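**Q** What follows is a single structure, and I will ask about it in a moment.
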Amino acid sequence: MAVTELAAGKETYLVGMDQEHVDALIAQSPYYIPYTISADVYDMAEDVNTVAVGAVVIARDDISDEDAYNVVAGIFDHAEEIATAHDKGKELDLDFAASVTSVPYHPGAAKYFSEHGKDVPVKE
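So this is what it looks like as structure tokens:
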């Protein structure tokens with residue numbers, strides 16, 4: 862059930878996290894990132910600070926370099942079109958995508974990032 866459906870006709874609110882707890886959670890689980898839910902998303906009085914998990918694409922080792930490259934290129938070369946199709950697409954960001962360090966990058970994906978001036982850890 863979506864948050865908007867849950868809130869329909871009922872008084873609801875989101876509970877945010879203070880910076881101390883955000884920092885502690887990220888230190889323990891680095892795949893979390895600081896995130897702010899804008900007040901206008903759920904018609905709230907103010908923004909809510911919390912954490913989120915960035916979306917990542919995980920590939921098997923046996924995927925070809927060309928295919929891995931094409932997946933990444935398909936996403937970032939068409940980011941504007943994706944953003945037009947869905948609001949979450951507006952959050953696609955090459956800098957953020959290159960900042961994920963919890964898992965190494967497929968060599969094909971790393972090639973795309975390298976071509977765009979981003980240095981990422983590569984799966985050996």
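Going by the numbering used here, the first residue of the sequence shown is number 862, and it counts up by one from there. Every residue, glycine too, gets a C-beta built ideally from N, C-alpha and C. Remember, it's a predicted structure, so these values are computed and weren't measured experimentally.
Below 8 Å, can you find three or more Cβ-Cβ pairs linking the region 915–926 to the region 897–905?
**A** Contact between the region 915–926 and the region 897–905 is absent, because fewer than three Cβ pairs lie under 8 Å.
**Q** Near ALA971, which residues of its chain fall below 6 Å by C-beta distance, leaving aside the five closest residues on each side in sequence?
**A** What you label residue 971 is simply residue 110 of the sequence shown in a count that begins at 1. The answer, listed in chain order, is VAL981 and VAL983.
**Q** By how many angstroms is the C-alpha of THR911 removed from the C-alpha of MET989?
**A** Lying before the first or after the last residue shown, residue 989 is absent from the chain, which here runs from 862 to 985.
**Q** Alpha carbon to alpha carbon, what distance is there between GLU941 and ALA934?
**A** Taking the first residue of the sequence shown as 1, we reach residue 934 at position 73. Taking the first residue of the sequence shown as 1, we reach residue 941 at position 80. About 13 Å.
**Q** What do you get for TYR930, buried or exposed, if any count of 16 or more other CB atoms within 10 angstroms of its CB means buried?
**A** By one-based count along the sequence shown, residue 930 stands at place 69. TYR930 is buried by the Cβ-count criterion.
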